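>
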Amino acid sequence: MVSSPFAVDFGDLPSQLPIFPLANAVLLPGGQLPLNIFEPRYLEMCQFALTTPTRMIGMIQPSMQGDEDDLFAIGCAGRISYFQETDDNRLMISLDGICRFRLDDAAVQDGGFRLANVRWDGFDADMIPDDLALEKEPLLAIMRRYFEIKGFDADWDNIERAENVQLLTTLAMVCPFDVSEKQALLEAETMKARADLLMAMMEMAIHGNESPHESRH
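The sequence shown lines up with residues 607 to 823 when you count with the working numbering.
#1: Tell me the DSSP bridge mates of Arg725?
#2: Can you give the Cα-Cα distance for Lys798 and Lys742, rounded to whole angstroms?
#3: Compute the Euclidean distance between the alpha carbons of Asp716 and Ser700, then round it to the nearest angstrom.
#4: Within the same chain, show all residues whose beta-carbon is closer than 6 Å to that of Leu792, passing over the 5 residues directly before and after it, in chain order.
#5: Which residues does DSSP pair with Ile663 in a beta bridge?
#6: Is any beta-carbon of chain C found at less than 8 Å from that of Ala739?
#7: Would you call the CB atoms of Ala663 and Phe626 closer than 8 Å?
#8: Give me the DSSP bridge partner(s) of Asn642.
#9: Can the beta-carbon of Met808 be found less than 8 Å from the beta-carbon of Glu787?
#10: How would you call Asp615, buried or exposed, if buried means at least 16 neighbouring beta carbons within 10 angstroms?
#11: What number of angstroms, rounded off, separates the C-alpha of Asp761 from the C-alpha of Ile755?
#12: Going by C-alpha distance, which of Cys652, Ile680, Cys781, Glu769 is nearest Arg725?
#13: I'd like the list of long-range same chain contacts for Ile748, defined as Cβ closer than 8 Å, with 5 residues on each side in sequence excluded.
#14: Quick check on Gln772: buried or exposed, where buried means 16 or more other Cβ atoms within 10 Å of its Cβ?
#15: Return helix, strand or coil for Asp675, following the three-state DSSP convention.
#16: Rounded to the nearest angstrom, what separates Asn723 and Ser621 at their Cα positions?
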């Protein structure tokens, strides 16, 4: 496989990142996150990121919904791989998940966004392709029941063809879990641990939606 000319080596990850605190929006390494940017301070954030060599933004969740000053300690850096200006002064961007980071501190800049000091220690495996061994049938069975209770439509042919890591990363990012559940998925130490946690969360949602006489054992 030819290395992308835009790829970032682990040793070249920056010590500072502009951060975007956003509840329920978790980016994972290898995932893609489209964002609609309209607040002036976050437009400034994107303009700043685009001037840096890595074009990266740190996605991080507020640890309490509605309080963006209180942040979780771990987020994920995403590289701006696409952006488009709109006629009504918005930016449509897409982030490619690169690597998780640990937040040390952050300071508000003149543009209103925050620039954070970050560390990458312990997350070097995020940038190494993971060929996850997983029995897909049990996962698909849980997914079908979960999607049914949530009323989601799905292209099951494409889902069945998807690689395990791609499927799990996408599921963890798009399923409507709460802030703490999304954070737990982000902080899972390995892809296998994330897969186990994701399946457990879907099972809990399924059982929580069943009446007592419908419970399966």
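Idealized CB from N, CA, C, for every residue including glycine. The structure displayed is predicted, hence computed values, not measured ones.
The answer reads as follows:
#1: By one-based count along the sequence shown, residue 725 stands at place 119. In the DSSP secondary-structure assignment, Arg725 is bridged to Arg708.
#2: Mapped onto the sequence shown, residue 798 falls at position 192. Mapped onto the sequence shown, residue 742 falls at position 136. Looking at the two C-alpha atoms, the distance is approximately 13 Å.
#3: As a working mapping, residue 716 is identified with position 110 in the sequence shown. As a working mapping, residue 700 is identified with position 94 in the sequence shown. Answer to the nearest angstrom: the Cα atoms are 24 Å apart.
#4: Counting from 1 along the sequence shown, the entry for residue 792 is found at position 186. Correct list, in chain order: Val632.
#5: The residue given as residue 663 occupies position 57 in the sequence shown. Ile663 has Gly684 as its beta-bridge partners, per DSSP.
#6: Among the chains in the structure shown there is no chain C, since it carries only a single protein chain.
#7: Here residue 663 refers to the residue found at position 57 when the sequence shown is read from its first residue. Here residue 626 refers to the residue found at position 20 when the sequence shown is read from its first residue. It is worth fixing the name first, because residue 663 is Ile in this sequence and not Ala. Going by C-beta atoms, Ile663 is nearer than 8 Å to Phe626.
#8: Counting from 1 along the sequence shown, the entry for residue 642 is found at position 36. For Asn642, which the question treats as bridged, DSSP gives the partners Met698.
#9: For this step, residue 808 is matched to residue 202 along the sequence shown. For this step, residue 787 is matched to residue 181 along the sequence shown. In this structure, Glu787 does not lie closer than 8 Å to Met808 by Cβ.
#10: By 1-based counting over the sequence shown, the position of residue 615 is 9. Flag for Asp615 reads exposed.
#11: Reading the sequence shown from its first residue, position 155 is the one you call residue 761. Reading the sequence shown from its first residue, position 149 is the one you call residue 755. The C-alpha of Ile755 is placed about 16 Å away from the C-alpha of Asp761.
#12: Residue mapping note: residue 725 aligns to position 119 of the sequence shown, counting from 1. Measuring C-alpha to C-alpha distances from Arg725 to each of Cys652, Ile680, Cys781, Glu769 identifies Ile680 as the nearest.
#13: The residue labelled residue 748 in the question sits at position 142 within the sequence shown. In chain order, Met805, Met808, Glu809, Ile812 place their CB closer than 8 Å to the CB of Ile748, counting only its own chain and leaving out the 5 sequence neighbours on each side.
#14: Here residue 772 is taken as the residue at index 166 of the sequence shown, counted from 1. Under this definition Gln772 is an exposed residue.
#15: As a working mapping, residue 675 is identified with position 69 in the sequence shown. Correct three-state label for Asp675: strand.
#16: Residue 723 sits at position 117 when you count from the first residue of the sequence shown. Residue 621 sits at position 15 when you count from the first residue of the sequence shown. In this structure, the straight-line span from the alpha carbon of Asn723 to that of Ser621 is close to 6 Å.
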